[in-house]
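Participant: This is the structure, below, for whatever I ask next.
In my numbering, the protein residues as written are 19 to 483.
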């Protein structure tokens, strides 16, 4: 595991804030939300449990304090800004003196709704509380990925319902993104977010994250698959026959395999190699499906042309919904150029041509985990909203900039209730059952079950109550 010092997992200027707050502050309460005005007007909340598991469960040590003091002095040119006594108290406690409540992960939440709250539980930690914002804000990434992924799935539901078999939907989109993200941690967290909605993945770091953090096994699934280094090591022409024969002979005939086909000439490979009597008969005799992967060319037209060619070679039938389905021995996976817009376009054109959604799946890398996603995609923010003084009096805190009303923050302490079928943020004193649940309090950790997270997102996707 990569070493991290949680004291330093913050913005430098936050280490100075204990000197800046009003004197006598004994409690601070903050909340996190995806503000209105982002790309999506709803989010699938996910990933706070990963942040807490990885950063809040290990105790603060003398070594961490010494290191943080050293780095702070180097950063500011003085030791005066580092609050060593507070961190020594945290060390002595053996836990973070905070309470964190959260919307249950996997829930579809309107933007502008409180997603989690953070409050100090010891008077001396109040002025240090919001130094934790930097760590907690990293929930923006898995939530944004889970949200984009959710709406991809939502887009695909009618295609599978109307033209194919809805039970194939969990494998329609496969995570190819681990190599293309900015870090392995991003890969595991973004990949875990994908597994909230789908099961197809080549991201083994995500599989491990689900196992390690959520104690859940077997969600991600993959198949025997080739890449260009395998294909080209056999060489062109006759080598392509040897390449495909080797995969058919060496793999378990009862399982699906994926074959990359564009190392030299996509359509020559399909017509001359796959369409040869020897290979065709082998594929037909094989119980497991052989899925062909074009990896270049127009990302919409090329896979559709491959499907047409496979239909000529292996035949197809018309399903009960009136759409063409390739012989069950073959299919196509498109793994190049896939993101939300192009995935929807691909399935739209596929079905417009009379083919069932069951004929193709996609793999997505950067478009799934990296491309265009920032904290501002869903306008994530954490803001203080309530404080208490030494005399026990409480007061509301609110940001209200005239230059940007959309950044106005909420004031007070909150609960989230279900009102007329929609989640709504209200005052903690209002009526209604609070959906926010405690996930961490003074060293006690209350994790959620990944099966519940999947179930919530699945229900939202199919508009179940």
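The beta-carbon is built from N, C-alpha and C at its ideal position, and this holds for glycine as well.
State the Cα-Cα distance for the pair residue 243 and residue 176, rounded to the nearest angstrom.
Facilitator: Position 225 of the chain shown holds residue 243. Position 158 of the chain shown holds residue 176. Each residue's alpha carbon lies about 29 Å from the other.
Participant: Mind reading off the beta-carbon distance from residue 60 to residue 129? Whole number of angstroms is fine, and I expect it under 8 Å.
Facilitator: Numbered from its first residue, the chain shown carries residue 60 at position 42. Numbered from its first residue, the chain shown carries residue 129 at position 111. Indeed, because the Cβ distance is near 7 Å, the residues count as touching under 8 Å.
Participant: Here's the rule I'm using: 16 or more other beta-carbon atoms within 10 Å means buried, otherwise exposed. How should residue 452 be labelled?
Facilitator: As a position in the chain shown, residue 452 is number 434, starting the count at 1. By the neighbour-count rule (16 or more Cβ atoms within 10 Å), residue 452 is not buried but exposed.
Participant: Could you tell me whether the region 441–450 touches the region 176–188, using the rule of 3 or more Cβ pairs below 8 Å?
Facilitator: No: the two stretches stay apart, fewer than three of their Cβ pairs being nearer than 8 Å.
Participant: Between 357, 158, 187 and 209, which has its C-alpha nearest residue 196's C-alpha?
Facilitator: Position 178 of the chain shown, counting from 1, holds the residue named residue 196. Considering only alpha carbons, the answer is 209.
Participant: Look up residue 49 in the DSSP assignment and give the residues it is bridged to.
Facilitator: Residue mapping note: residue 49 aligns to position 31 of the chain shown, counting from 1. For residue 49, which the question treats as bridged, DSSP gives the partners 135 and 401.
Participant: Could you tell me which of 86, 343 and 24 sits nearest to residue 96, measuring between CA atoms?
Facilitator: On the chain shown, position 78 is the one that residue 96 refers to. The candidate whose alpha carbon is nearest that of residue 96 is 86.
Participant: Can you list, in chain order, the residues of its chain with a C-beta nearer than 7 Å to that of residue 289? Leave out the 5 residues immediately preceding and following it.
Facilitator: Position 271 of the chain shown, counted from the start, is the residue given in the question as residue 289. 327.
Participant: Report the residue ranges of all alpha helix (DSSP H) runs contained in full by the region 187–218; include only those spanning at least 4 residues, in chain order.
Facilitator: Whole alpha helix (DSSP H) segments, 4+ residues: 202–215.
Participant: Opposite residue 111 in the DSSP bridges: which residues?
Facilitator: Counting from 1 along the chain shown, the entry for residue 111 is found at position 93. DSSP lists no partner for residue 111.
Participant: Taking 6 Å as the limit between beta carbons, can you name the residues of its chain near residue 144, skipping five residues before and five after?
Facilitator: As a position in the chain shown, residue 144 is number 126, starting the count at 1. If we look at residue 144 and ignore the five residues flanking it on each side, its Cβ neighbours are 43, 44, 45, 46 and 138.
Participant: Using only alpha-carbon positions, find the residue among 156, 437, 307 and 123 that is nearest to residue 266.
Facilitator: Taking the chain shown and counting its residues from 1, one reaches residue 266 at position 248. The residue with the shortest Cα to Cα distance from residue 266 is 307.
Participant: Select from 431, 23 and 111 the residue whose C-alpha is nearest the C-alpha of residue 48.
Facilitator: Here residue 48 refers to the residue found at position 30 of the chain shown. The option with the nearest alpha carbon to residue 48 is 431.
Participant: In chain order, what residues of the same chain have a beta carbon less than 8 Å from the beta carbon of residue 189, not counting five sequence neighbours either side?
Facilitator: For the purposes of this step, residue 189 is taken as residue 171 along the chain shown, with counting starting at 1. For residue 189, where only same-chain residues beyond five positions count, the Cβ hits under 8 Å are 216, 217, 218, 239 and 379.
Participant: Just curious, the beta strand (DSSP E) that residue 384 is in, first and last residue?
Facilitator: As a working note, residue 384 is residue 366 in the chain shown. That residue, residue 384, is in no beta strand (DSSP E); its alpha helix (DSSP H) goes 384–387.
Participant: Please check the pair residue 364 and residue 352, which I expect to be a contact at CB under 8 Å, by giving their CB distance rounded to whole angstroms.
Facilitator: Taking the first residue of the chain shown as 1, we reach residue 364 at position 346. Taking the first residue of the chain shown as 1, we reach residue 352 at position 334. Right, the Cβ-Cβ distance comes to about 6 Å (below 8 Å), so this counts as a contact.
Participant: Tell me the DSSP secondary structure of residue 180 in three-state form.
Facilitator: Here residue 180 corresponds to residue number 162 of the chain shown, with the count starting at 1. In this structure, residue 180 counts as helix in the three-state DSSP scheme.
Participant: Just mark residue 483 as buried or exposed, buried being the case when its beta carbon has 16 or more other beta carbons within 10 Å.
Facilitator: Counted from its first residue, the chain shown places residue 483 at position 465. For residue 483, the predicted structure reports a pLDDT of 38, less than 50, and the residue's modelled location is therefore unreliable. The matter cannot be settled from this model.
Participant: Okay, do the region 217–234 and the region 400–413 touch, 3+ Cβ pairs below 8 Å being the bar?
Facilitator: No, the region 217–234 is not in contact with the region 400–413.
Participant: Would you call residue 40 buried or exposed, if buried means 16 or more other Cβ atoms sit within 10 Å of its Cβ?
Facilitator: On the chain shown, residue 40 is found 22 positions in, with the first residue counted as 1. Residue 40 should be labelled exposed.
Participant: For residue 291, which three-state DSSP category applies?
Facilitator: On the chain shown, position 273 is the one that residue 291 refers to. Helix.
Participant: Kindly indicate the opening and closing residues of the beta strand (DSSP E) around residue 445.
Facilitator: Here residue 445 refers to the residue found at position 427 when the chain shown is read from its first residue. Its beta strand (DSSP E) spans residues 440–445.
Participant: Between the C-alpha atoms of residue 394 and residue 160, what's the straight-line distance to the nearest angstrom?
Facilitator: For the purposes of this step, residue 394 is identified with residue 376 of the chain shown, where counting begins at 1. For the purposes of this step, residue 160 is identified with residue 142 of the chain shown, where counting begins at 1. In a straight line, the C-alpha of residue 394 is about 13 Å away from that of residue 160.
Participant: Where does residue 408 sit, in a helix, a strand or coil, going by DSSP?
Facilitator: Within the chain shown, residue 408 is the residue found at index 390, counting from 1. Coil at residue 408, not helix or strand.
Participant: Assuming contact is defined by CB atoms lying nearer than 7 Å, are residue 396 and residue 112 in contact in what I supplied?
Facilitator: The residue you call residue 396 lines up with position 378 of the chain shown. The residue you call residue 112 lines up with position 94 of the chain shown. Going by C-beta atoms, residue 396 is not nearer than 7 Å to residue 112.
Participant: Taking 8 Å as the cut-off, does the region 77–84 touch the region 147–158 (at least 3 CB pairs, one atom from each stretch)?
Facilitator: Segments in contact, no.
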